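In my numbering, the protein residues as written are 26 to 535. We put the CB at the ideal spot given by N, CA and C, even for glycine. Note that the structure is predicted; figures quoted are calculated from it, not measured. The structure under discussion appears below in the form of structure tokens.
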């Protein structure tokens, strides 16, 4: 009997193959295509403060080509990142084709305009206007091709977050079509239009989705040609950009950003007017809890009460972690362990809030035959869901708001957890770690985004704005230093890599 997961995986592999036939790889956030024959869906839990979770979440790195490996892999292991030149060549060919079309459209627009530069002839003025609209559509198509299907989904995250400033100024920012897209996803249109490349008339589509035909036609218009093709009036085909929404993590990621964060953005001005224009510092009183009227619950508690909402959140976090920057590669674990004499009883690393244990497993592999223990810690509900045994890794139930039970470890490691919390809560977490550290032996590694002191890129900025919604924060080097000082620790070094703000902050006892 074929399992439900296996059926979904088979379906998605077919979908991705279809995106290739359409001339576009299912491009990842950094620009990398999925290889159709190498797709495997993984269903993991995602957040350390939700009942079932994987805290190894990172920002979505701009760089690197992503593919999912079909070979059997334990549930907790993240999909590998791999360069895929063949798929990149297909995407490049599509870009060249669109660029040629765009150049031709530009020449046509100039030609139409130059035939009546004063726009004195109404018919010619109309021709100029039509040509300009066609040029804008062509630019939109070109942008969509360069982004690729996955980027087009994940770009909504930035659009929603970056709408904050415009909303505060009472200006429209988020395109109307995003609302249409969300409505049609909910109604089942994306999966009802044939996935094999064949067409479906609006009348049939309306009957199958229980949408009034006239409404369906109006909702579809803004999504053509970026998301659907209309080769003849009111007859629709899938495109690579619509097919990619069959991938649950990306589909749910868009839903989460639209349902959870967009309403929060819209309420931002009202929140600050009521609470003052100051940084949110409470998990119980912040833009999210204000917008969603959580009645005294934190965002984590509120989302956890709704299984459908929780599933969307976890799937969205999976979409992010699928393209994670592996921070454990930034720190020279093997070299540092070789400097000290270790035994079988030496605690090499405590992975705090480590969820499914991706980092623990990777670091265990990095250090090879080095003697010593690696301990994976997370909350009871997370560890209960984490059934897989990882060779060379011990599991321990632990809440990082309580005293750290493992004393004198070589390294305490915490990844993508602290950005979820306001400063005072971070100090509590860090102080518990500091109390367990041994001077001259222990060090702390914090794997997080380190925001540049000036000129932060869009990625770092919108991630920080997302954290702001529930009183979290992406921090600069100076801000990390301040938190460490308040917790009895000193910043030693920030380990970083080219092309990403994701870093490892190294600290020791003061």
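With a threshold of 16 other CB atoms inside 10 Å of the CB of residue i, please say whether the residue is buried or exposed.
{"i": "residue 422", "result": "exposed"}
{"i": "residue 285", "result": "buried"}
{"i": "residue 240", "result": "exposed"}
{"i": "residue 327", "result": "buried"}
{"i": "residue 193", "result": "The predicted model places residue 193 with a pLDDT of 44, which falls under 50 and marks its position as unreliable; any figure quoted below should be read in that light. Classification for residue 193: exposed."}
{"i": "residue 314", "result": "buried"}
{"i": "residue 484", "result": "buried"}
{"i": "residue 537", "result": "Past the edges of the chain, shown from 26 to 535, lies residue 537, and the structure says nothing about it."}
{"i": "residue 265", "result": "buried"}
{"i": "residue 352", "result": "buried"}
{"i": "residue 526", "result": "buried"}
{"i": "residue 274", "result": "buried"}
{"i": "residue 316", "result": "buried"}
Could you spell out where the alpha helix (DSSP H) holding residue i opens and where it closes?
{"i": "residue 458", "result": "448-461"}
{"i": "residue 290", "result": "287-291"}
{"i": "residue 545", "result": "This structure gives no information on residue 545, because the portion of the chain shown stretches from 26 to 535."}
{"i": "residue 281", "result": "273-281"}
{"i": "residue 238", "result": "238-245"}
{"i": "residue 232", "result": "227-234"}
{"i": "residue 265", "result": "265-268"}
{"i": "residue 427", "result": "Where residue 427 is concerned, there is no enclosing alpha helix (DSSP H), given that its DSSP letter is neither H nor E."}
{"i": "residue 124", "result": "110-139"}
{"i": "residue 391", "result": "383-391"}
{"i": "residue 214", "result": "214-217"}
{"i": "residue 249", "result": "Counting along the chain, residue 249 falls outside any alpha helix (DSSP H), and DSSP gives it neither H nor E."}
{"i": "residue 395", "result": "First-last for residue 395: undefined, no H or E at that position."}
Does the Cβ-Cβ distance between residue i and residue j come in under 8 Å?
{"i": "residue 489", "j": "residue 475", "result": "no"}
{"i": "residue 529", "j": "residue 472", "result": "yes"}
{"i": "residue 436", "j": "residue 377", "result": "no"}
{"i": "residue 337", "j": "residue 277", "result": "yes"}
{"i": "residue 23", "j": "residue 386", "result": "Residue 23 lies beyond the residue range present for the chain, which begins at 26 and ends at 535; the question has no answer from this structure."}
{"i": "residue 497", "j": "residue 446", "result": "yes"}
{"i": "residue 161", "j": "residue 289", "result": "no"}
{"i": "residue 215", "j": "residue 271", "result": "yes"}
{"i": "residue 400", "j": "residue 372", "result": "yes"}
{"i": "residue 163", "j": "residue 130", "result": "yes"}
{"i": "residue 217", "j": "residue 228", "result": "no"}
{"i": "residue 220", "j": "residue 252", "result": "no"}
{"i": "residue 452", "j": "residue 514", "result": "no"}
{"i": "residue 512", "j": "residue 459", "result": "yes"}
{"i": "residue 166", "j": "residue 250", "result": "yes"}
{"i": "residue 520", "j": "residue 510", "result": "no"}
{"i": "residue 260", "j": "residue 224", "result": "yes"}
{"i": "residue 281", "j": "residue 341", "result": "yes"}
{"i": "residue 152", "j": "residue 137", "result": "yes"}
{"i": "residue 174", "j": "residue 269", "result": "yes"}
Measuring straight from C-alpha to C-alpha, what distance separates residue i and residue j?
{"i": "residue 363", "j": "residue 392", "result": "9 Å"}
{"i": "residue 177", "j": "residue 398", "result": "43 Å"}
{"i": "residue 533", "j": "residue 456", "result": "12 Å"}
{"i": "residue 426", "j": "residue 307", "result": "15 Å"}
{"i": "residue 298", "j": "residue 291", "result": "13 Å"}
{"i": "residue 48", "j": "residue 123", "result": "In this prediction, residue 48 scores a pLDDT of 41, lower than 50, which makes its location untrustworthy; no coordinate-derived value is stated."}
{"i": "residue 383", "j": "residue 318", "result": "35 Å"}
{"i": "residue 505", "j": "residue 247", "result": "44 Å"}
{"i": "residue 395", "j": "residue 408", "result": "26 Å"}
{"i": "residue 516", "j": "residue 135", "result": "58 Å"}
{"i": "residue 243", "j": "residue 283", "result": "20 Å"}
{"i": "residue 432", "j": "residue 467", "result": "9 Å"}
{"i": "residue 245", "j": "residue 115", "result": "28 Å"}
{"i": "residue 442", "j": "residue 320", "result": "24 Å"}
{"i": "residue 523", "j": "residue 354", "result": "13 Å"}
{"i": "residue 156", "j": "residue 295", "result": "42 Å"}
{"i": "residue 361", "j": "residue 287", "result": "45 Å"}
{"i": "residue 309", "j": "residue 324", "result": "8 Å"}
Tell me which residue opens and which closes the beta strand (DSSP E) that residue i is part of.
{"i": "residue 256", "result": "253-257"}
{"i": "residue 354", "result": "From DSSP, residue 354 is part of no beta strand (DSSP E); its letter is neither H nor E."}
{"i": "residue 420", "result": "418-422"}
{"i": "residue 528", "result": "527-534"}
{"i": "residue 439", "result": "436-440"}
{"i": "residue 539", "result": "Residue 539 is absent from the model: the chain starts at 26 and stops at 535."}
{"i": "residue 377", "result": "372-377"}
Is the closest heavy atom of the ligand SAM to the C-beta of residue i under 7 Å?
{"i": "residue 324", "result": "Absence of the ligand SAM is noted for the structure shown, with no ligands found whatsoever."}
What ranges does the alpha helix (DSSP H) occupy inside the segment 466-519, keeping only unbroken runs of at least 4 residues that lie completely in it? Whole alpha helix (DSSP H) segments, 4+ residues: 483-493, 502-511.
Counting only runs of 4+ residues fully inside the segment 293-322, write out the alpha helix (DSSP H) ranges in chain order. Counting whole runs of 4 or more residues, the segment 293-322 contains the alpha helix (DSSP H) stretches 293-300, 312-317.
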